[in-house]
Structure formats: structure tokens, C-alpha cells
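Trainee: Please see the structure below; I have some questions.
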Amino acid sequence: MSRRTIITLVVMALLAVLPPVFYLTGNAFYLDLATRLTILAIAAVSLNLILGYGGLISFGHAAYLGIGAYAVGIPAHHWLYGGLESLGLATTSGYVQIPLAIGVAALFALVTGAICLRTKGVYFIMITMAFAQMMYYAIVSIEEYGGDDGLVIDTRSELPFIDLDDPLQLFGLAYVSLVVAMLIVRMIVNSRFGMVLRGAKGNNERVVMLGFNTYLFRLTAYVIAGAMAGYAGALLGNFTTFISPEMMDWGRSGELMFMVILGGTATLVGPVIGATLFIVLEEVLSSLTVYWHLPFGLLLLAVVLFGKGGIMGMLRADKEDSE
Numbered sequence: 444m445s446r447r448t449i450i451t452l453v454v455m456a457l458l459a460v461l462p463p464v465f466y467l468t469g470n471a472f473y474l475d476l477a478t479r480l481t482i483l484a485i486a487a488v489s490l491n492l493i494l495g496y497g498g499l500i501s502f503g504h505a506a507y508l509g510i511g512a513y514a515v516g517i518p519a520h521h522w523l524y525g526g527l528e529s530l531g532l533a534t535t536s537g538y539v540q541i542p543l544a545i546g547v548a549a550l551f552a553l554v555t556g557a558i559c560l561r562t563k564g565v566y567f568i569m570i571t572m573a574f575a576q577m578m579y580y581a582i583v584s585i586e587e588y589g590g591d592d593g594l595v596i597d598t599r600s601e602l603p604f605i606d607l608d609d610p611l612q613l614f615g616l617a618y619v620s621l622v623v624a625m626l627i628v629r630m631i632v633n634s635r636f637g638m639v640l641r642g643a644k645g646n647n648e649r650v651v652m653l654g655f656n657t658y659l660f661r662l663t664a665y666v667i668a669g670a671m672a673g674y675a676g677a678l679l680g681n682f683t684t685f686i687s688p689e690m691m692d693w694g695r696s697g698e699l700m701f702m703v704i705l706g707g708t709a710t711l712v713g714p715v716i717g718a719t720l721f722i723v724l725e726e727v728l729s730s731l732t733v734y735w736h737l738p739f740g741l742l743l744l745a746v747v748l749f750g751k752g753g754i755m756g757m758l759r760a761d762k763e764d765s766e
């Protein structure tokens, strides 16, 4: 068993055991913290698919989180206040809300990705951010859903055998979803599809000359990543019971990117480690000083500049040095 596999198993075991233990011993706050970081880890894992393995630096990935959250909030809003009954969207059923979150996020990724992937480099970064900001301002302009003030979700998604009002069950769903997301990404990157995706990251021209349409491969990966982030958004909406356009702001996309880079790109457990460190550091430093952004930023900067592949890269480097 490789060292990377052992680290993955240890991290996932600790994430599965510690939060419920804290909750059962009267520390419910830590379960909430773990649920939040687990949901964000799903979004980070999806971003890692295109960033770490595909070399696509998307600065608009938080848009899919927001889309997923609003796909829960808007049907719940109309279920309570009326409207959209003819479309069957005035509901609190998770069977409607979650597929809606995944489908709309995937559609948005398909339409915007088809345009964004015609560019490269800094132009790709800027156009992904531009599309995300377009969605941000579109939501801000809709007063019925709270505009800039956001929207309260009065009723969480209803699923059979799962009560999302129970913090333990909500965390359990988020954790299982994270494991499934990691397995999906692992399956993709180890397939022939993933080999083409990784090859295009290293030398796109050479892969094209081998006869592969790398544009379609990258677009497919882009849509998969968007759909996974949309699902994470649906979970996030159920967790916070409050959604706002701020969820899809470009700054949130930057946070997701930092999580991936902090933990280590192109690694299975790197985004999970990155999300955990990001949330924990944010919580600890903000409790020490109101100016927590400065030491937080310096720590992130140090990891990016000297980490050589994030936390997972540093561990790999330590192993090579010991050998």
C-alpha cells in the first residue's frame, strides 16, 4: 500500500469518526464545521478534476455552488408562497431539487464551457470569472428571491429514510457524497478518458496529433465538474438554510482554488486536506483577531510559494528526501 493511499484512508477515517464523536459529547459546533468543510470539499474535488488533472484554471467554479443552492431554495420558496406549480417545481422533494441542481449546473457548464474552452491561458481564467459574475448579478437583480439580501430556506429537502434536519444525518449524507465524488474522480482519471485529459494538460498539441478531440474531452470534464459542484451547492443550501448571491462571487471561487492548491492538485485526497486546513485556519485565526485575513493570506502564500505541490507535495518531497 502506497504512502498516498495510507494518507487518504487516515484522513477519511478521521473525518468520518471525529465529528460525530464531538457531537455526541456535546460539541455540536464541530459537527457543523465538519459538515461545511465536507460539502466544500466536494466542490474542491470537482474543481480538482479540471484544475489538477485537466490544467483548466477556472475562476468561476463557485457559480455552480450558487446554482445548486438556489435550485433548492427557489422550489422551496414557491412551495411556501405559491407559483411554478404548473412546472412541478414548487416542491420540497429532494427527488426534484437535487436533480434540478445537478441538471441546471451541468447545463450552465455546457453552455459556458463551450465558449470558455475556445480560449486558453489568462483569457480562459477571465472569461470563466466573467460568466460567474454574470450569474451573480442576474441573481442579485431578482427581487422575488431576495436579491442581494439572500433567501431563507424554510424547509430542507425531503428525502426518504434521511432527515436533513438531523445534523448527524446531514453530515452522513455529505460524507458519503464526498466519498462517492472522490471515487468518481478516481475512476475518471484512471480511465482512457482521464489519460487523454491528463495528456492534454501536459502537451495538448501532441494529443491532438494522435487523433483525439481534446476540446470535447475537456468540455465533458468541465460539465462533470460543474454538475458535481451543483450537487455540493444543493447540500450547502440544505446545510445553511440561507442562500445569497455571495455564494457564487468570484472570491468564493478563489477560496475553492486555494483549497485545491493548498492540499495538492492532481491528488485524490489533496482537496479534502486543503478544505479542512482552509476552514480550520479560518475559524482559529478569526477567533484570535479581527485582522485574521493578513496571517491567513501569508500562510496560504507561503504554502503556494514553498510547498511544491501543496501539503501532499510536501509529504511526497519528505519521502524522497528520506530515501
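All residue numbers for the sequence shown refer to the numbering used here, where the first residue is 444 and numbers rise by one.
The beta-carbon is built from N, C-alpha and C at its ideal position, and this holds for glycine as well.
(1) Return helix, strand or coil for residue 631, following the three-state DSSP convention.
(2) What is the residue span of the alpha helix (DSSP H) that residue 522 lies within?
(3) Quick one: using the 10 Å Cβ neighbour count with 16 as the cut-off for buried, is residue 502 buried or exposed?
(4) Between the region 749 to 759 and the region 696 to 716, do at least 3 Cβ pairs fall closer than 8 Å?
(5) Residues in the same chain with beta-carbon distance under 6 Å from residue 481, minus the five sequence neighbours each way, listed in chain order, please.
(6) My output table needs one value for residue 594: the three-state DSSP class, helix, strand or coil.
(7) Who are the Cβ neighbours of residue 593 in its own chain at under 8 Å, not counting the five residues just before and after it?
(8) Can you name, in chain order, every residue of its own chain whose Cβ lies under 8 Å from the Cβ of residue 554, other than the five neighbours on each side?
(9) Measuring only the C-alpha atoms, how far is residue 711 from residue 448?
(10) Between residue 591 and residue 472, what straight-line distance do the alpha-carbon atoms span, to the nearest angstrom?
(11) Please confirm whether residue 602 has its beta-carbon closer than 8 Å to some beta-carbon of chain D.
(12) Can you pull the DSSP bridge partners for residue 685?
(13) Kindly list the residues whose CB is nearer than 8 Å to the CB of residue 762, restricted to its own chain and excluding five residues on each side of it in sequence; keep chain order.
(14) Let's see if you can read the secondary structure: which residues bound the alpha helix (DSSP H) around residue 556?
(15) Assuming residue 485 and residue 671 are in contact, meaning their beta carbons sit under 8 Å apart, how far apart are those beta carbons, in whole angstroms?
(16) Measuring alpha carbon to alpha carbon, tell me which residue in 635, 718 and 600 is nearest residue 513.
(17) Identify, in the order they occur along the chain, each residue of the same chain with its Cβ nearer than 6 Å to the Cβ of residue 631, setting aside the five sequence neighbours on each side.
(18) Counting along the chain, where does the alpha helix (DSSP H) carrying residue 725 start and finish?
(19) Residue 663 to residue 552, Cα distance in whole Å?
(20) If I'm right that residue 615 touches residue 510 with Cβ under 8 Å, what's the distance once you round it to whole angstroms?
(21) Which residue marks the beginning of the alpha helix (DSSP H) containing residue 738, and which one marks its end?
(22) What residues in its chain sit with their C-beta under 7 Å from that of residue 605, if we drop five residues either side in the sequence?
(23) Relative to the C-alpha of residue 497, which candidate in 570, 678, 725 and 563 has its C-alpha closest?
(24) Just reading off the alpha helix (DSSP H) that residue 462 is part of, what are its end residues?
(25) Residue 566 lies in the alpha helix (DSSP H); which residues open and close that run?
(26) Throw me the rounded Cβ distance for the residue 579 and residue 692 pair, which I believe falls under 8 Å.
(27) Keeping to the same chain, check which residues put their C-beta closer than 7 Å to that of residue 602; ignore five residues upstream and five downstream.
(28) Among 727, 468 and 508, which residue has its Cα nearest to the Cα of residue 549?
Mentor: Let's see:
(1) Counting from one through the sequence shown, the residue named residue 631 turns up at place 188. Helix at residue 631.
(2) The sequence position of residue 522 within the sequence shown is 79, counting from 1. Note, residue 522: alpha helix (DSSP H), 505 to 524.
(3) By 1-based counting over the sequence shown, the position of residue 502 is 59. Buried, since its Cβ has 16 or more Cβ neighbours within 10 Å.
(4) yes
(5) Walking along the sequence shown from the start, residue 481 turns up at place 38. Excluding positions up to five away in sequence, the list reads 617, 618 and 621.
(6) The sequence position of residue 594 within the sequence shown is 151, counting from 1. Residue 594 falls in the strand class under three-state DSSP.
(7) Position 150 of the sequence shown, counting from 1, holds the residue named residue 593. Excluding sequence neighbours, residue 593 sits near 685, 686, 687, 688 and 689.
(8) Here residue 554 refers to the residue found at position 111 when the sequence shown is read from its first residue. For residue 554, where only same-chain residues beyond five positions count, there are no Cβ hits under 8 Å.
(9) Numbered from its first residue, the sequence shown carries residue 711 at position 268. Numbered from its first residue, the sequence shown carries residue 448 at position 5. Straight-line Cα distance between these residues: approximately 9 Å.
(10) Against the sequence shown, residue 591 aligns to sequence position 148. Against the sequence shown, residue 472 aligns to sequence position 29. Going by the C-alpha atoms only, they are around 27 Å apart.
(11) Absent from the structure: chain D. Only one protein chain is present.
(12) For the purposes of this step, residue 685 is taken as residue 242 along the sequence shown, with counting starting at 1. 595.
(13) Within the sequence shown, residue 762 is the residue found at index 319, counting from 1. Any answer about residue 762 is weak, because its pLDDT of 49 lies below 50 and its placement is not dependable; what the coordinates show is given next. Same-chain partners within the cutoff: 446.
(14) Position 113 of the sequence shown, counted from the start, is the residue given in the question as residue 556. 537 to 559 is the extent of the alpha helix (DSSP H) around residue 556.
(15) Here residue 485 refers to the residue found at position 42 of the sequence shown. Here residue 671 refers to the residue found at position 228 of the sequence shown. Yes, they are in contact, since the Cβ atoms of residue 485 and residue 671 sit about 7 Å apart, within 8 Å.
(16) In the sequence shown, counting from the first residue as 1, residue 513 sits at position 70. Comparing Cα-Cα distances from residue 513 to each of 635, 718 and 600, the minimum goes to 600.
(17) As a working mapping, residue 631 is identified with position 188 in the sequence shown. The residues are 637.
(18) Position 282 of the sequence shown holds residue 725. First-last of the alpha helix (DSSP H) with residue 725: 713 to 731.
(19) The residue given as residue 663 occupies position 220 in the sequence shown. The residue given as residue 552 occupies position 109 in the sequence shown. So the alpha carbons of these two residues sit roughly 9 Å apart.
(20) Here residue 615 refers to the residue found at position 172 when the sequence shown is read from its first residue. Here residue 510 refers to the residue found at position 67 when the sequence shown is read from its first residue. Their Cβ separation, rounded to whole angstroms, is 24 Å, which puts residue 615 and residue 510 out of contact at 8 Å.
(21) In the sequence shown, counting from the first residue as 1, residue 738 sits at position 295. Start and end: 736 to 749.
(22) Against the sequence shown, residue 605 aligns to sequence position 162. Taken in chain order, the residues that qualify are 612 and 616.
(23) Indexing the sequence shown from 1 puts residue 497 at position 54. Nearest of 570, 678, 725 and 563 to residue 497, Cα basis: 563.
(24) Numbered from its first residue, the sequence shown carries residue 462 at position 19. Start and end: 446 to 467.
(25) Counted from its first residue, the sequence shown places residue 566 at position 123. Per DSSP, residue 566 belongs to the alpha helix (DSSP H) from 565 to 583.
(26) Residue mapping note: residue 579 aligns to position 136 of the sequence shown, counting from 1. Residue mapping note: residue 692 aligns to position 249 of the sequence shown, counting from 1. That belief holds up - the Cβ atoms of residue 579 and residue 692 are roughly 6 Å apart, short of 8 Å.
(27) On the sequence shown, residue 602 is found 159 positions in, with the first residue counted as 1. Cβ within range, chain order: 537.
(28) Mapped onto the sequence shown, residue 549 falls at position 106. The shortest Cα separation from residue 549 among 727, 468 and 508 belongs to 508.
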